[in-house]
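Enquirer: In terms of my numbering, the sequence shown opens at residue 64 and continues consecutively.
Here a beta-carbon is modelled for each residue, glycine too, at the ideal position from N, C-alpha and C.
Bear in mind the structure is a predicted one, so any value in this text is a computation, not a measurement.
Please read through the structure below; I'll follow up with questions.
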Amino acid sequence: MTSLAHHQDHHDHHDVGAYAIGALDPEDAARFEEHLADCVSCSAELDELLGLAPLLDEYTDTGRTAAGASPRATGCRDGEALRPGAGATARPAALAVPYVQPVRAGEALLASVLARAAAERRRRARRRLALALPAAAVLVAAALGGAALLTGGDRGTPPDPIRAAYDAGEKHHGSAPGSDVDATVSLTEKRWGTEIAVRLTGVTGPRSCGLIAVGRDGGEQTVTTWAVPDTGYGPGKEVYYVGGSAYGPADIDHFEVRTLDGQRLVTVDK
């Protein structure tokens with residue numbers, strides 16, 4: 064890339080905001096659209112700005128009135144983009160936005176729009192984080208939730224994060240009549256829902272099991288699943304798992320330990 068071409072490409076990277084509010088002349092708009100076809104970062108930034116259409120409409124309408132411009136002066140009706148041959152290139156359908164004559168509100172207008180766009184991006188990022196937290200908790204639980212048996216023998220002790228999660232929470236106990244299955248569930252309220260740890264004994268194997276949170280609304284959410292080894296979790300053997308649910312503690316009615324084919328092994332009431 065020549066020095067001139069590099070300089071022009073660098074300049075094009077800074078044209079996103081001006082393009083979004085229609086502040087480029089037709090020649091610059093056409094050149095930017097050529098750049099946009101090959102630039103992933105500018106396309107992504109433009110998508111963010113186009114999500115602020117009501118804000119941009121407010122600014123362009125205000126600026127057009129202040130400058131004495133009218134739809135006739137721009138050569139198009141309100142809401143209509145310039146057509147090829149009218150001084151602008153055709154816009155890709157996915158990126159089509161109304162084109163208006165440059166608004167002479169100066170750098171303050173563009174700075175204000177871009178600042179609002181940045182604030183909108185931060186708001187969306189916070190929302191994505193809030194939605195991702197419950198899923199992240201389940202992923203962490205999956206990473207930490209391997210069986211850790213307390214036998215007093217060679218099986219070792221639970222990893223500290225699992226045992227810490229169990230020890231910290233509010234305990235609820237349940238046992239299955241006529242069997243050795245015994246479970247204690249520990250609940251810790253989180254901003255995203257509930258962190259749930261379970262201590263389990265008396266389960267025979269091999270089989271695959273899961274801990275299910277049953278809500279007061281009748282819904283169900285899987286907290287975590289695991290595989291029971293051939294030797295099972297007999298007398299004197301304890302296994303700990305940790306997971307999470309989007310339910311708050313007050314929204315949970317009870318828990319069930321089930322096999323993955325639907326057999327209920329034990330119920331833990333709250």
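Output the distance between the C-alpha atoms of residue 318 and residue 330, rounded to the nearest integer angstrom.
Expert: Taking the first residue of the sequence shown as position 1, residue 318 is located at position 255. Taking the first residue of the sequence shown as position 1, residue 330 is located at position 267. If you take the alpha carbons of residue 318 and residue 330, they lie about 6 Å apart.
Enquirer: Which class does residue 272 belong to by DSSP, given the choice of helix, strand or coil?
Expert: Along the sequence shown, read from residue 1 onward, the residue named residue 272 stands at position 209. Strand, per DSSP.
Enquirer: Going by beta-carbon coordinates alone, are residue 286 and residue 274 separated by less than 8 Å?
Expert: Position 223 of the sequence shown, counted from the start, is the residue given in the question as residue 286. Position 211 of the sequence shown, counted from the start, is the residue given in the question as residue 274. Cβ atoms of residue 286 and residue 274: closer than 8 Å.
Enquirer: From residue 244 to residue 237, what distance separates their C-alpha atoms?
Expert: For the purposes of this step, residue 244 is taken as residue 181 along the sequence shown, with counting starting at 1. For the purposes of this step, residue 237 is taken as residue 174 along the sequence shown, with counting starting at 1. Those two C-alpha atoms are separated by around 9 Å.
Enquirer: With distances taken Cα to Cα, identify the nearest neighbour of residue 55 among 256, 93, 261 and 246.
Expert: This structure does not reach residue 55, given that the chain is present from 64 up to 333, and the question cannot be answered.
Enquirer: For residue 270 and residue 79, what's the separation of their Cα atoms in angstroms?
Expert: Residue numbering aside, residue 270 sits at position 207 when the sequence shown is read from its first letter. Residue numbering aside, residue 79 sits at position 16 when the sequence shown is read from its first letter. Approximately 57 Å, taken between the alpha carbons.
Enquirer: Does DSSP put residue 309 in a helix, a strand or coil?
Expert: The residue given as residue 309 occupies position 246 in the sequence shown. Here residue 309 sits in coil by DSSP.
Enquirer: Helix, strand or coil for residue 260, going by three-state DSSP, please let me know.
Expert: Within the sequence shown, the letter at position 197 stands for residue 260. Correct three-state label for residue 260: strand.
Enquirer: What's the C-alpha gap between residue 97 and residue 81?
Expert: Along the sequence shown, read from residue 1 onward, the residue named residue 97 stands at position 34. Along the sequence shown, read from residue 1 onward, the residue named residue 81 stands at position 18. So the alpha carbons of these two residues sit roughly 15 Å apart.
Enquirer: With burial defined as no fewer than 16 other Cβ atoms inside 10 Å of the residue's Cβ, what is the status of residue 231: buried or exposed?
Expert: Sequence index remark: in the sequence shown, residue 231 carries index 168 (1-based). Exposed.
Enquirer: Quick one: what's residue 245 bridged to in DSSP?
Expert: Sequence index remark: in the sequence shown, residue 245 carries index 182 (1-based). In DSSP, residue 245 forms a bridge with 238 and 264.
Enquirer: For residue 316, does the three-state DSSP call read helix, strand or coil?
Expert: On the sequence shown, position 253 is the one that residue 316 refers to. Strand.
Enquirer: Which residues in the same chain have their Cβ closer than 7 Å to the Cβ of residue 217, if we skip the five residues on either side of it in sequence?
Expert: Position 154 of the sequence shown, counting from 1, holds the residue named residue 217. With a pLDDT of only 40 at residue 217, under 50, the local geometry of the prediction cannot be trusted, and no value is derived from it.
Enquirer: Compare the Cα-Cα distances from residue 323 to each of 307, 278, 310 and 268 and report the closest residue.
Expert: The count along the sequence shown starts at 1 and reaches residue 323 at position 260. Taking only the C-alpha atoms, the option nearest residue 323 is 268.
Enquirer: So the candidates are 316, 263 and 282; which of them puts its Cα closest to the Cα of residue 300?
Expert: The residue given as residue 300 occupies position 237 in the sequence shown. When only C-alpha atoms are compared, the closest one is 263.
Enquirer: Just tell me which of 85, 233, 179 and 315 has its CA closest to the CA of residue 111.
Expert: For the purposes of this step, residue 111 is taken as the residue at position 48 of the sequence shown. Residue 179 is the option with its Cα nearest to residue 111.
Enquirer: For residue 225 versus residue 320, is the C-beta distance shorter than 8 Å?
Expert: On the sequence shown, position 162 is the one that residue 225 refers to. On the sequence shown, position 257 is the one that residue 320 refers to. Cβ atoms of residue 225 and residue 320: not closer than 8 Å.
Enquirer: Roughly how far, in whole angstroms, is the beta-carbon of residue 310 from the beta-carbon of residue 256, given that I think they are within contact range, below 8 Å?
Expert: Along the sequence shown, read from residue 1 onward, the residue named residue 310 stands at position 247. Along the sequence shown, read from residue 1 onward, the residue named residue 256 stands at position 193. Sure, about 6 Å apart at Cβ, within 8 Å.
Enquirer: Output the distance between the C-alpha atoms of residue 48 and residue 247, rounded to the nearest integer angstrom.
Expert: Nothing about residue 48 can be reported from this structure: the residues present for the chain run from 64 to 333 only.
Enquirer: For the beta strand (DSSP E) containing residue 327, list its first residue and its last residue.
Expert: Along the sequence shown, one-based indexing puts residue 327 at 264. 327–332 is the extent of the beta strand (DSSP E) around residue 327.
Enquirer: Could you tell me the distance, in whole angstroms, from the CA atom of residue 105 to the CA atom of residue 99?
Expert: Taking the first residue of the sequence shown as 1, we reach residue 105 at position 42. Taking the first residue of the sequence shown as 1, we reach residue 99 at position 36. If I take the Cα positions, the gap works out to 6 Å.
Enquirer: Taking only beta-carbon positions, decide if residue 226 is within less than 8 Å of chain D.
Expert: In the displayed structure, chain D is absent; only one protein chain is listed.
Enquirer: Is it the case that the Cβ atoms of residue 250 and residue 312 are separated by a distance below 8 Å?
Expert: Mapped onto the sequence shown, residue 250 falls at position 187. Mapped onto the sequence shown, residue 312 falls at position 249. Contact flag set, yes.
Enquirer: Kindly indicate which three-state DSSP category residue 99 falls into: helix, strand or coil?
Expert: Taking the sequence shown and counting its residues from 1, one reaches residue 99 at position 36. Helix.
Enquirer: By DSSP, does residue 45 sit in helix, in strand, or in coil?
Expert: Past the edges of the chain, shown from 64 to 333, lies residue 45, and the structure says nothing about it.
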